Each structure stands twice: as structure tokens, then as C-alpha cells.
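*Asks:*
Number of protein chains: 2
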Amino acid sequence: MKRSVIIVAGGNGRRMGMQTPKQFLLLAGMPVLMHAIRQFHYFDPAMPLIVALPPAHIPTWTQLCAGRRFTVAHTVTAGGGTRFDTVKKALHALPETDWIAVHDGVRPLVSPALIARCFETAVKHGAAAPAIPLSDSLRLLEAGGNHSVLRENYCIVQTPQIFRAEWLKNAYRAPYCPAFTDDASVVEAAGYKIALAEGSRENIKITEPADLKIAELLMSDFCP
Amino acid sequence: MKRSVIIVAGGNGRRMGMQTPKQFLLLAGMPVLMHAIRQFHYFDPAMPLIVALPPAHIPTWTQLCAGRRFTVAHTVTAGGGTRFDTVKKALHALPETDWIAVHDGVRPLVSPALIARCFETAVKHGAAAPAIPLSDSLRLLEAGGNHSVLRENYCIVQTPQIFRAEWLKNAYRAPYCPAFTDDASVVEAAGYKIALAEGSRENIKITEPADLKIAELLMSDFCP
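From first to last, the protein sequence lines stand for chains A and B. Quick note, in our numbering, the first sequence goes up one by one and the last residue is 224. Quick note, in our numbering, the second sequence goes up one by one and the last residue is 1224.
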């Protein structure tokens, strides 16, 4: 059973109000993206790793890796204009594989145990995404206003999202659609079902400066 | 314009896997609930504060207040079996008021500025809840499986939720329904519209032990 992972690091840092793209920000002294890559390496050192970066950021990344002697082997691919295009291009860079994981490069705290759970669920069902319950109330926004919906009927999905390679490749043959918010939505649009694995609240996405501090705090619990 | 607030502290600590109910856990050396009360006091020292607690926890709370010389004046009411019953009972303990805020006792980081924004929106529209966008993807869970929904069409709602007193009291005359997940959903079921104010990601709800550490971290940013 051959497994590969695409780590998508397409952010340009605009949302963080910073010059540095969020995947390059330092978390406990190391760029966020290196943490994400390292977790997959811990899970399976033999698994091919593809890292998709905006073309403009590739030289910076190369320098960061050289300067820090980051030795986890990975292939860098140039991303496209959207996340959809980025993953589509990265699929071509993959070696022959049976299973493909797609992970957000700005989720540095993904644990090897979570990755293992998602692979197990994917192998059983063909496609898997880690999910966690909502702890706050949810409202649906509509043209005429907004209304309460039962949060128990929803879940939050994270990454890695893992797919039978054939399913993911088939799905990415479709034209882009704005409803594609993650890989699971692309695969689902192609007619496949997504199984849910148990996610983790610690597997946060770095979207704001405060998240870096929270991630550092959560890391100190992981690595005593 | 007379304003009051009901702070609901009904948790029994089961979800935290602890003996101590989460509203009594120490955050930066002070029980979570005291932080929440203090923020409303900072917002408006003259505003009547009702704190709804499970009857079994009232003696502990009284001791905590005495032991820590917590001098923010508040009225304690005994909660009911559900959050709905608890708020309903607390409504009877309120002095005459034009506007009622209802706040989760386990949201200790609510800022006076956020409370002010919610009151402004409520005064304009009759009912207001603070909302923030979702930063993760969302899935709808259904009998046959689950499917992707556009997270842009949803928002997360927090507290304080603030209502014209008459609206809230009318709404709480309805029989309990499982779709009542918060006060906004109760008021909405009575036919009133809920306006959204800008929430804050820092206004977190303490639901897990890790949240206490995150809250402490966020506090250190607030109070340099």
C-alpha cells in the first residue's frame, strides 16, 4: 500500500497583516510549514512528501531549508492561482501511489496518531477527513437575515484529508467550482462519500497572529 | 434605558473530567465565573447582575466569594434542570429593566468593548448576538452520511446575547424545545429577528482543560 502526502502552503500572509506568509512564521523557533512536514515524516519516514508553494515563495523556502539544515526530504511544486489549481498541479508531481493525503501547511500540530486514524478510516471507506464537534452555537446566514441551526447536525473538518488516489485524481478532473472549499468537497462533488475520522482540537489552523501563541502553548503540552 | 445581565453558570464539570465545575476553575488565580462577572462590572458598574448557579453549587460559590473578598455586587439564583429552565427562573429575579443580556459564565474573556457593541446593536434592532466567521470547513451530518456546506454561509455565535426585555420574557413563555441551543434561538422561535454584532475570537468558551491555558495566554495580551 503506497501512501503520499501533498502539503499545501499557498498563503501569502495578507490575512495575518504581515509581510511573511503564515507558513513561514516561526513557531517555537521553526517555520510553521517545517512543523507540518516533520509530523508527516514522524508518521512515516518513507512516505513521499510534496510541498506546494506559490512560485514567488519557493526561493525563500529553499533558503529557509538550507539555513536551518532542514533535512526531511520533500519535493517542492509551484502552486496555482487557487487552492484547487495548486492541488491539481501537485497531483502531477506525485510518484505512483495508492493513497493521497492532502494537508494544510498551516496546521503544524497535526499528530502522527491523527494521521494514522485518518489513513485507517480512508483505507476502510475510500475517503476520510478528521472532524470535531462545534463548541459554539451556529447560525445560517441568508439573504433575509440569519437563523439558528442545530450545531449537533454539523461538524468542523480539518486536514489531513485522505483519499484513494484514483478518486482524488478523478475528482480533480472537474472544472473549478466555488463550492470547493477543501479536497473532501471536490471528491464529494465527483460522487464519492467522505467518511469522518476523529479529529483533534489541537490540530489548529494558523490564521491569526494569536494562533501562533496558542500553537506554542499546545506544543508545550505535546512535547514535555 | 435600564440594562441587566444574567450570567448562566450551569456547568457541572462532567465534560472537563473534573470534580470542580468549569465555572469555578482558576484562570490566572481567579475562578472563571468571577472574571466574567468582573467584565460586566467594568462595562457598567451600575448594571444589576444576576448569576444563575445549580443549587448544589451555591454554597461553594458563596464561600469562594467570601474567601476571595469578591465585592462585585450580584444576585445569585438557583438554576433549573436545563439551560432553558435556568434562564427562565433567572428572569423572575431581575429588577425592572428595558434590556437583558444573557452571558455564558464560562466566557471569562468577554471585553467591555464587545459588550458595548452588542448593546448598541440590540438597541438598534431589538435583539443582538456577537458572531464570528468560521475558520475551518464545515460539514452537515445527515442520516445517509455527511456533506460539505459553504462555511461563508454560516457564523459562530457567542454571548452576551442581548434582547429587549419584553421580547426575551415573551419568548421564554414558550414550552421547552430541543432546538433551543441559546437565547437567540428561543427569541427567534417567538418570531423576533436576531441582529449580529461583531464578536471576538478571544471571547472563548471554557469547555476543555486546554481552554484554560489558552484563556490565560489571551489574557496576558489583554492586560499587559
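Glycine is no exception: its CB is placed at the ideal position from the N, C-alpha and C atoms. Since the structure is predicted, the reported quantities are computational estimates derived from the model, not experimental observations.
#1: Can you tell me the Cβ-Cβ gap for residue 1087(B) and residue 1127(B), rounded? I've got them flagged as a contact below 8 angstroms.
#2: Taking the straight line between their C-alpha atoms, what separation do you get for residue 1114(B) and residue 1055(B)?
#3: Identify which residue in 45(A), 47(A), 34(A) has its Cα closest to the Cα of residue 69(A).
#4: Could you check whether the Cβ of residue 1039(B) sits closer than 8 angstroms to any Cβ belonging to chain A?
#5: Between residue 1146(B) and chain A, is there a C-beta pair that is closer than 8 angstroms?
#6: Within a Cβ cutoff of 7 angstroms, which residues of the same chain sit near residue 93(A), ignoring the five residues on either side of it in sequence?
#7: Could you tell me whether the Cβ of residue 207(A) comes closer than 8 angstroms to any Cβ of chain B?
#8: Would you mind telling me which residues of chain B sit closer than 8 angstroms to residue 153(A), beta carbon to beta carbon, in chain order?
#9: Is any beta-carbon of chain B found at less than 8 angstroms from that of residue 120(A)?
#10: For residue 1073(B), which residues of its own chain have a beta-carbon under 8 angstroms away from its beta-carbon, when the five flanking residues on both sides are left out?
#11: At the level of alpha carbons, what is the spacing between residue 1010(B) and residue 209(A)?
#12: Contact defined as beta carbons within less than 8 angstroms: I believe residue 129(A) pairs with residue 5(A). What is the distance between those atoms, to the nearest angstrom?
#13: Just the Cα atoms here: how many angstroms apart are residue 96(A) and residue 89(A)?
#14: Run through chain B and tell me which residues come within less than 8 angstroms of residue 188(A), C-beta to C-beta.
#15: Could you please give the first and the last residue of the uninterrupted beta strand (DSSP E) stretch that includes residue 50(A)?
#16: Are the CB atoms of residue 172(A) and residue 82(A) nearer to each other than 8 angstroms?
#17: Since residue 101(A) sits in a beta bridge, which residues does DSSP pair it with?
#18: Taking 8 angstroms as the threshold (beta carbon to beta carbon), is residue 227(A) in contact with chain B?
#19: Closer than 7 angstroms between beta carbons: that is the criterion. Which residues of the stretch 1164-1193 of chain B meet it against chain A?
#20: So residue 1106(B) is in the alpha helix (DSSP H); what residue range does that whole segment cover?
#21: List the residues of chain B whose Cβ lies closer than 7 angstroms to the Cβ of residue 213(A), in chain order.
#22: List, in chain order, every chain B residue whose beta-carbon is nearer than 7 angstroms to that of residue 135(A).
#23: Starting from residue 1102(B), find everything on chain A with Cβ-Cβ shorter than 9 angstroms and list it in chain order.
#24: Output needed for residue 179(A): all residues of its chain with C-beta closer than 8 angstroms, excluding positions within five of it in sequence on either side, in chain order.
#25: Put residue 203(A) into one of helix, strand or coil per three-state DSSP.
#26: Would you mind telling me which residues of chain A sit closer than 9 angstroms to residue 1158(B), beta carbon to beta carbon, in chain order?
#27: With DSSP as the reference, identify every bridge partner of residue 1080(B), one or two as the case may be.
#28: Residue 137(A) to residue 1182(B), Cα distance in whole Å?
#29: Would you mind giving the Cβ-Cβ distance between residue 1153(B) and residue 141(A), rounded to the nearest angstrom? I have them listed as a contact below 8 angstroms.
#30: So that I know if they touch, is there some Cβ in chain B lying closer than 8 angstroms to that of residue 131(A)?
#31: Ordered along the chain, which non-local residues of its own chain (more than five positions away) have a Cβ less than 6 angstroms from that of residue 15(A)?
#32: Assuming residue 1118(B) and residue 1133(B) make a contact with CB atoms under 8 angstroms, what is their CB distance in whole Å?
#33: What do you get for residue 1091(B), buried or exposed, if any count of 16 or more other CB atoms within 10 angstroms of its CB means buried?
#34: Along chain B, which residues have their Cβ under 8 angstroms away from the Cβ of residue 201(A)?
*Replies:* With the given structure in hand:
#1: Rounded, the Cβ-Cβ distance is 14 angstroms, inconsistent with contact.
#2: 30 angstroms
#3: 34(A)
#4: no
#5: yes
#6: 50, 75, 77
#7: yes
#8: 1140, 1141, 1142
#9: no
#10: 1049
#11: 33 angstroms
#12: So it is not a contact: roughly 14 angstroms between Cβ atoms.
#13: 15 angstroms
#14: 1147, 1148
#15: 49-53
#16: no
#17: 5(A), 162(A)
#18: Past the boundaries of the shown model lies residue 227(A); chain A is included only from 1 to 224, so the question cannot be answered.
#19: 1179, 1181, 1182, 1184, 1185, 1188, 1193
#20: From DSSP, residue 1106(B) is part of no alpha helix (DSSP H); its letter is neither H nor E.
#21: 1217
#22: 1205, 1207
#23: Ordered by position in chain A, no residue passes the 9 angstroms Cβ test against residue 1102(B), which lies about 12 angstroms from the chain.
#24: 185, 189
#25: coil
#26: 136, 137
#27: None, per the DSSP bridge assignment.
#28: 7 angstroms
#29: 5 angstroms
#30: yes
#31: Since pLDDT at residue 15(A) reaches only 48, below the 50 mark, its modelled position is unreliable, and the value read off the structure follows with that caveat. Answer for residue 15(A): no residue qualifies.
#32: That belief does not hold up - the Cβ atoms of residue 1118(B) and residue 1133(B) are roughly 17 angstroms apart, past 8 angstroms.
#33: buried
#34: 1208, 1210
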